[in-house]
Every structure is written in structure tokens, then in C-alpha cells.
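In our numbering, the protein residues as written are 1142 to 2103. Have a look at the structure below before the remarks.
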Amino acid sequence: MSIEYKLIEEKWRQKWDEAKVYEVEPNEKPAMLVTAAIPYLDMPLHIGHLRTYSTADALARYKRMRGFNVLFPMGFHATGTPVLAIAKRIKNNDVQLINILRNIHHIPDDDIKKMADPYYEVDYFIKVIRQGFIDTLYSIDWRREFVSIEPIFSKMIEWQFGLLKEKGYLVTGRHPVGWCTNENNPVGQHDTKGDTHVKIDELIGIKFKDTSSDAYFVCVTYRPETIYGVTNIFINKDVKYVLAKLNDNSNISNIYLTKEAFENLKYQLNIELIKEIDASELLSKEAINPITNETVPVIPGFFVKADTGSGIVMSVPSHAPFDYVALKRLENEGYKLPSFKYIKILEIEKSEEGKGIGRSIQDQKNVATNEDIPALTYLEIMGIDEKSSEDALELATKAVYSEEAHYGIIIIGEYKGKREPEVRELLKKDLLMSNKAISIYSIMNDGPVYCRCGTKVIIKVVDDQWFINYGDKKWKSKTKEVFNNTVKLYPEKYRHTYNSLLDWIDLRAAERSQGLGTKFPLNPNHVIESLSDSTIYPMLYTFIHILRAENVAPESLKPEFFNYVVYEKGDIEEVAKTSSMNLSTIKKCRESFDYWYKNTSRHSGSDLLANHLLMYLYNHVAIFPEAYMPKQIVANGLVYLEGVKMSKSLGNVDPVSDGIKKYHADPLRMVETTIADIDSNLEVKLDEVISGIYLRNEFLYNLINDLYKFNGKELTHIDYWLYSRLNSKIKAATEYMEKMNFKNAYSEIYFNSFNELNIYLERNGRNSIVIRDYIEAITLMIAPVMPSFAEELWQMLGHSSFVVKEKWPSFDESMINEKIDEAENIIIHTIDDINSIITLTSKIDANKNKKPSSIKIIIADDWKLKAYNKLIEVKNINEVVKELGLEGEKAKFLAQFMPKIKSLIKMHEIESAYMQSAFISAQDYLKSKFNVDIIIEMESTSKSARAQRALPNKPSIEVIWQ
RNA sequence: GCAGGGAUGGCGGAGCUUGGUCAAACGCGCUAGGUUCAGGGCCUAGUGUCUUAGGACUUCGAGAGUUCGAAUCUCUCUCCCUGCACCA
């Protein structure tokens, strides 16, 4: 009979709704607040997203069964730019986007059109996503729903930022951002064409003084340490240069750079154009190396790009392949060069095999002729010369750069003897401190990045930007302390990562010029950045439904109100007056917050580890009193389908609505929460796994229907075995659940159970009471993951209560019988052994065309196991012989274990009589399995020649052929 | 570059926290046999190498070490993945 999931889901969802099972208020039970990162409203969710929510829901349901009063609420996130970006793309008739919405998410064209209005978009997606959560049977208390752009939410954020300011955590500063000069806005990843991430790197521009004027050549480089090897300066002879006035921290100087560079850098430097200059004019000049004070000429370089850095580079032919080749080419063209001295600035540390330069280069083409010029050495061994392409040179440059950074030891100058990366930093600092260089930011992407409007993105340094200063020392150490002392982290193995992230996080933008959200109090033209405004909102769940029920106007929610709710600060009557609210409302809010917020579990995908979860923790430490610190954080891995990551942009998604139709809520929940470890990416062939779950569910369902066919006679060996398995299963599963290890928990609870039930039935287990006890416990334990199916089974088992409100089963330690389990293991091993013996002996000529007629299983005498264990203990045959009073033959038996005695371990003590009864109970089963007579004998009474071969816990087997 | 993580049989992926019962769960694939089985169904056995009785040998990225004993602990090396900020 196949199961009508859709009907079952619908039926129980309605019954739960009617009984308001998930609408909870403070009571005498211990509280637990389970929250998951609220979904972002720029797209409907796909089934991959459900993993986080399903895990949170399963925990919520489990904890309810463990006696907690659990609140699982949900809200929606709309602040920031993505919602706007979608609206804008729809407005611009973005075909790609519209196709996704239409074809994948089945949104009617009419609605798509209306989504050009971001608020329509928000409402629409809330509707879709909420329905998805309902269909997935989450135990959400919907009375507490909110969206992050509604006024009540904003009031909370304003209060939060007031506190952050008060505590001095808000600071202004300089910061480089990707910038669109057309729209005059910062560009984030989804503002760029192809959602390119703008990679920004800090470079250094070293100032070489022009000998013939007071101006400087600004040479931009990654490797200031190569300054010792500079032979000349390269410029591009085909582009326009300018002279500009630079005001660098009121240190005024004139600099040369390309016109294009000027246009870019005016957004990050304080510079003014003085005049344009021809490249040819610069080519007649010389400049002074600020470190070595040597005078070097200005020379044309073919590779110098006008729009990169300043359009001027310093030439280090000894270590830079491009520089070396440029000089070589000039020479070949007949350009008259001075005789440069190529100075080697570092030595490559030798590898164990004694290899120096080129040690990390895999397939070396040639042998180097000259190791005094490293750039040349690399070119030679890589088979590259001045005629090679720029790509080849780029490759060589990378090879040099990485090897020298890895193994380079500086052999010149002030920092002689130190490693290259260290010297780079030291020199950078020196040069900047002494005004011999300026810092310049550059886009590190391969090729230019474009804004969606088509303009090339440049770097702007904003200097009135507000940041949240997560670098604050006290705040940082307090946060780490809370994290390490009070927060349970799942998976625990992220703790190390997390600690280093807590250290790493520093300034973080608090506001931005665009996007939906709460106005930034310190600059009302800006809104609060949307990661910063989603850190403490779980508090809102605890009382927002009270505010709504009492029709409290958002304007009433003054800081005094929040201060009272969170700190119980101030006089409640005063607070009621200032916020024009009922005293009782405020009191209720306070009580509710205090009740729920002491025990929280926070859930999100592991991709939010480095941002949301960090800020969640920091902000909790900043805002809340000790008692309300986070207690638990759960980060789950992502979902892959058929080996491909589910991603909105890839379009390989099943929207939630489709997924539920196709797979049904309960089986899908089962897969998402229990197939993979919580920390690993879930990588499944959904159809395959789901059909496995269908089969198992049907097995359970049918077994309950067939319960009447069984009887309730006296308990036999196999009944005790099933009870033993059940109780140890409950014990193990409960331990796993407590550790948030759903995977292992459910392979015990669910997947292993079918094997056990099958063994039980095959072994002629027929006790309806035993089966019922077993299935009831399974039903209870699958309820957190497959709630409606469990509910259906629970009803079939004759209960009238909701299974989701039942207690998690407890186990009876006395029913766990290791001996019986061990005996079963021995039987299973014996079956394996019989199989391999039959396989092997069937090849014997004498057995050709024959079949086994019977199999003898001969159980070892008790003394063998005793002696064996004793031998392991004392490791001395004589002692065992003496102590147990064994004769010659028996001592000989023990001798076989001596060669490996040190590596053998003790065995479980099972008496031969017990073993015999176990085998007798399995006799029919073995008989039908091998389709032959099974004879069970004891070693002492057996006449078989193989009898004495019986080993402790390993019966001797004799296969008798016809 | 900085930080974090990883490397296991044809594949995916357990086990490694607490070293032994690990030739290594589970699933997929593959092979053989069965099934009144018509087309990705079910059952049984096999699937590192060798083996005429349940055994032996070699394996868990490479190398070295600790130990009676290592996939599991230590060290070195190689390779791979992820994140790096104003962006949800």
C-alpha cells in the first residue's frame, strides 16, 4: 500500500493548527528559543535552503519532546541592496532574471511586472516563502512574524545603534570601496556585471625624486623590498602623463603619473592636476632611489599599463621577468642602455635535496646558465625568453613571486638575513612613515570590473564612513570569553576557526548610501548596513506579538521601552508614560523576553560563519546582560545535488514549492537533516535517497497494519535480543541528539531499525507486543524529523494524543544485554564463515556438481574461552596451565595464540550453554538460509573430526557434502 | 599573501575526539546466481592480492617516528578546497 503523504501532511497540519500546538507562551517548563537566520527576500527559497530550517525545526521538536517549552519563530529579511537590485533589474526588463522567475519559480508575468516596486516584491516573496515553510511542516509560531523593514524593527535597530554609539563602538575612518563614478555609489558584488566580487589590494607607491625638478615619480609595486635592485624607471611612451599636486596628510609634493591613473586615483588621493606632460619629456629624466640614493634613468617599457597603479613602475631586472625582458627587447631594438648592474637581493633557501632557485617549478624545460640574475634563471628553466608572449611572462612572474615569498632570504640592506615577506612589510612601513611612499589601492581582479550601468569600477577611499569597531580590544576579549565559556558550538570543530575569525574581524561598515533599511542615526542620508541590522533581532520574537495584540504604535517604542525590556532599567511607570504604553504591556514584554532569551539556539548555514554569526555574537555581547548571552550556535553545511552546489545563479534549483510536490515534506526533511553530517555538505542523489525512504516508511506502515497477525506469547531469545537492541538504540540515539548529531542519531533510530526488524522477522520473531513496543519508540523518535508521518503511525498504533507533544522515549538499562548482542554477532560471523567455506570448498574437484547436505556447528568447550582470556592477561602458558589445571593437549591448544599474544585482546565471556541456546533459536533461520540441515553440537560431545578446532567465540564448522 | 579545512577501495562517503573487534560502515557501481522478472524491481553471494575449509599478505596522499599494535597519535613534505569585509 502506498502512503498518501499529501493527505497525511495536510490532515495533521490542520489538526496542529486547530490545537495551536506551536503557539507558545512562558510557562513553568524550561524555555528554549530556537531561531534560524531569516530568509532574504530577493528570491523564493529552493530546497537547498531548507536544510538550516529543517535542522532548527527538528531540534525544536526534539527539545519539546524532552520537556522544554520551545519557541520556534520566523521573520523575513529585506534590508540592503539585493531587493532593490531585483526590482531595478525587473524595471530594466532583465530577460535572464525574468526567465528565472517565470520558469523556475512559476511567478505569473503580472506579478513579475509589479515587482519593479521593491515593496511589492517584498510582500510577494514573503507570501511565497511563508507558504513554503508552512508546507514543510515547520513548528513555527506565526504570531511573531516580522520583516526587517517594518517600523517596529527599525525602532529596535535605532535603540541598538544608540547603545553602540554610547559604548564607543561606532567610529569613522578611511576605507577603500569599489565605486561607480557614473552612479556615484559604492558597488558591491551584486551591483557588478556578472556578480563579480571586487577584490581590493593595498599597494605601495614609492616616490623617486626627479633630479631636474621638485617632482616625484610614483612607482607602484607589490614588492618594495626589491628597491635595492632598481636599475631604472619604466614609463609607457605612448600615453599621456600629468604633473599633479599631492597633499598627503598635509605633506605636499608634486608627482608624475599617467592621465588615466590620475583620473582613477583622484578618488583615493588628495591630488590636483597641474599640467599635462608628454611621455617623451619624462624619458629624458633621471630619478633618485629613495633607499639607495642611486640615480636611475627613465626608460620606455612595453608592458607598462596606463590605467594600472600610477602608470610608472620601478625596474628590477634582476628579480622581475617583465623588467628583464623589457630591457632585453630595448637592447635588441638598438636602444642604447647604460650598463646596468643587476643586483641580487635575495637567496632562495635550499630544499632538502639541495635545490635552490627553481625548486618549486614542476616541469623544468632547460638548465639555467646564470644564477646571479634570478629573473633570467627562471626564464631559462621555464623555457621563456624575450620573444615569448606576455602570458608566459606573467606565468614566470608568478613563479618568481611565489617562490621568493616562500623561500626567499634577503641578502642586502638593513634587513639582511630576514625572510622576504617580513622585509616587505618592514620596508613598506618604513617608506610610508618617512613619506617616501604613499599607499595606493588597486583592483585585483583579472581584467576590469564593470558596474551594472556599464561604467568601469574604480576604487574610492571614503573618509567619512562609519564603522562598527569590532577591533575594540575589550569588546573582542569579552566576546571571545563568552564564546568559549558559554556558547555550545555545533559542529564543535569550527571552534578553532571561529576563534581566529573573532580575532580577525576589525572595522566593519555600519552604514551605506543605498538600500532598504533603517536610517542611520548619525547620518540620516544613509541606511544601516544590512548585516549590521540583523544581529539581535531574535529578541523581537519574544514580545512583538504582544505589541501587535495591543496595537502599540511603533513611535511608542522609545529607547526607554527597550531598556526596560532588556535591562529592567528605569521606573516602569515612567517608561509607560514616555512611551505612552500600558504598564501591563511593558511588563508582559519584559517577562516574555526574560523567559525566552536565556536559552537560545541560533542556526544558519556555514557560509554565514564569517559574517552574520560573528556579528551576532559581538552584538549580543555589546547589548545584552550576561544572562542573555547566546547559548548555542549551529552551522550546517550546504546542499549539493548530484554533485553540483545548489545555487540561485546556477538555476539548478528546485524551488520549495516544487520540491514538496515532488518529494513530500517528511521525506525531504529526513534527507536534509539526517543524511549528511551537519558540518559536511549534503551531497545526494535525491530521487534515489527519497525512494529508499518511501520504501522504509511503507515497511513500517504495513507492519503496523499487520500487527494483528502476530501474537503475544512468552518471550524468546530473539525477543530479548530486539528489546536489547531497542534500548541501546534509544540510549545511543539520545546521546547523539543531545550532541546535535542527527546523522548518527537517525541511522540508529531509522535506518538501522529496518535491518533489525528484518532480522527479527527472519529469525521467526512473532511477538506482537515486542514489535509494538519497538515501533512505538521508533515512531516517537522519528517525530522531530517526519512529524506528520509519525503522527499518522501514532494514530494507527491506537493513540489519540499528538505524537509531537509526547515524551521522547526513555531506555531501560537492564534490558540492554551485551551477552545477547555478542551472541548474535557470533551467529552473524558464523554465517559469513559458512559462506566463505562453501565458496572455497565448492571449487574442490570432489565436490563438483554436489551440494552441501548438512552443516555442523560445533561450539567450543568453556575452558577454551577462560584459558584464552587468562592467557591474554598473564601472557604465559605455564601460568595458565597451572592455574586452570589444564593437561597436555589443552596446553598445546593455547600455544597457537602465543606468536601474536601481544596484539590479541580479551573476548566477551559467553558460556557454551548460552551459545548453544542462541544457535538453537537461530537453527530454523540457518536452515532456511542455507537450505540444508543444521546440526548444533558441543565440542565435548561431538564426534566430528573438526570438533577440537572450535575456538573461543568461534564455533567450528563442518560442511558435509552429498 | 593571510587565515581555516581537507587528502580513505571504481565513485560518494563513514571511521579518525577515546590507537586494537578495520580489508575498512552505509549507499552507488560492477560480477555471478536466483526470482512465472518484459524492459534502472526483488533476493542471495561476491567485488585489494593470493588461497583445494573459515587463512595469509598488502593497503587508508608521500616519507619518517611513537607503540606489542596506527586510517586513527607526533614530525616533515606534496597536493586540493574555502573565506578575506561594506556583501547578503
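Beta carbons: idealized from backbone N, C-alpha and C, even for Gly.
Judged by DSSP in its simplified three-state form, residue 1748 adopts helix. For the stretch 1912 to 1939, the continuous alpha helix (DSSP H) assignments of 4+ residues that do not extend past its boundaries occur at 1928 to 1937, in sequence order. Three or more Cβ pairs drawn from the stretch 1868 to 1881 and the stretch 1950 to 1958 lie within less than 8 Å of each other, which places the two stretches in contact. Listed in chain order, the beta strand (DSSP E) runs fully inside the stretch 1460 to 1547 are 1487 to 1489, counting runs of at least 3 residues.
One Cα belongs to residue 1430, the other to residue 1565, and the distance between them is close to 17 Å. Secondary structure within the stretch 1544 to 1595: the beta strand (DSSP E) runs of 3 or more consecutive residues, fully enclosed, are 1549 to 1551, 1578 to 1584 (chain order).
When DSSP states are grouped into helix, strand and coil, residue 1342 belongs to the strand group.
About 7 Å separates the beta carbon of residue 1776 from that of residue 1746, a gap short enough to meet the 8 Å contact definition. The secondary-structure analysis by DSSP pairs residue 1316 across a beta bridge with 1603. Judged by DSSP secondary structure, residue 2065 falls within the alpha helix (DSSP H) whose first and last residues are 2064 to 2071. Judged by DSSP secondary structure, residue 1199 falls within the alpha helix (DSSP H) whose first and last residues are 1191 to 1206. In the displayed model, residue 1170 falls within coil according to three-state DSSP, outside both helix and strand. Fully contained in the stretch 1873 to 1919 is no beta strand (DSSP E) run of length 3 or more. When DSSP states are grouped into helix, strand and coil, residue 1652 belongs to the strand group. For the 9 Å CB-CB criterion, residue 1212 and residue 1172 form a contact.
In the DSSP annotation of this structure, the continuous segment of the beta strand (DSSP E) that includes residue 2102 starts and ends at 2097 to 2102. Between residue 1346 and residue 1579 the beta-carbon gap is near 5 Å, inside 8 Å, which marks them as a contact.
Residues 2018, 2022 of the same chain have their beta carbon placed closer than 7 Å to that of residue 2032, with the five preceding and five following residues left out of the count.
By the criterion of at least three beta-carbon pairs nearer than 8 Å, the stretch 1301 to 1310 is not in contact with the stretch 1532 to 1539. In summary, residue 1701 is buried, with 16 or more beta-carbon neighbours lying within 10 Å of its beta-carbon over all protein chains present. Close CB contacts of residue 2005 within its chain, under the 6 Å cut and outside five residues either way in sequence, are with 2093 (chain order). Its Cα nearest to that of residue 1366, the residue 1554 stands out among 1412, 1554, 1643.
Residue 1175 sits away from residue 1946, with the two beta carbons spaced by 9 Å or more. A direct Cα-Cα distance of roughly 9 Å separates residue 1726 from residue 1684. The stretch 1266 to 1338 is shown to contain whole alpha helix (DSSP H) runs of 4 or more residues at 1292 to 1307, in chain order. The alpha-carbon separation between residue 1697 and residue 1158 amounts to approximately 32 Å. Check the Cα spacing between residue 1880 and each of 1404, 1773, 1766: the tightest is with 1773. For residue 2029, the secondary structure class from DSSP, reduced to helix, strand or coil, is helix. In the three-state reduction of the DSSP assignment, residue 2079 falls in the strand class, which pools E and B. In the assembly as shown, residue 1405 is a buried residue. Its beta-carbon has 16 or more other beta-carbons within 10 Å. Rounded to the nearest angstrom, the gap between the Cα atoms of residue 1180 and residue 1288 is 10 Å. Annotation for residue 1193: 1177, 1178, 1744, 1745, 1746, 1777 place their beta carbon closer than 8 Å to its own, counting only its chain and skipping 5 residues before and after.
Residue burial annotation: residue 2082 is exposed, with fewer than 16 other C-beta atoms found within 10 angstroms of its C-beta.
Taking all protein chains shown into account, residue 1576 has fewer than 16 neighbouring C-beta atoms within 10 Å of its C-beta and is therefore exposed. Taking C-beta atoms as the reference points, residue 1198 and residue 1224 fail to come closer than 9 Å.
In this structure, residue 1657 sits near residue 1220, with a CB-CB distance shorter than 9 Å.
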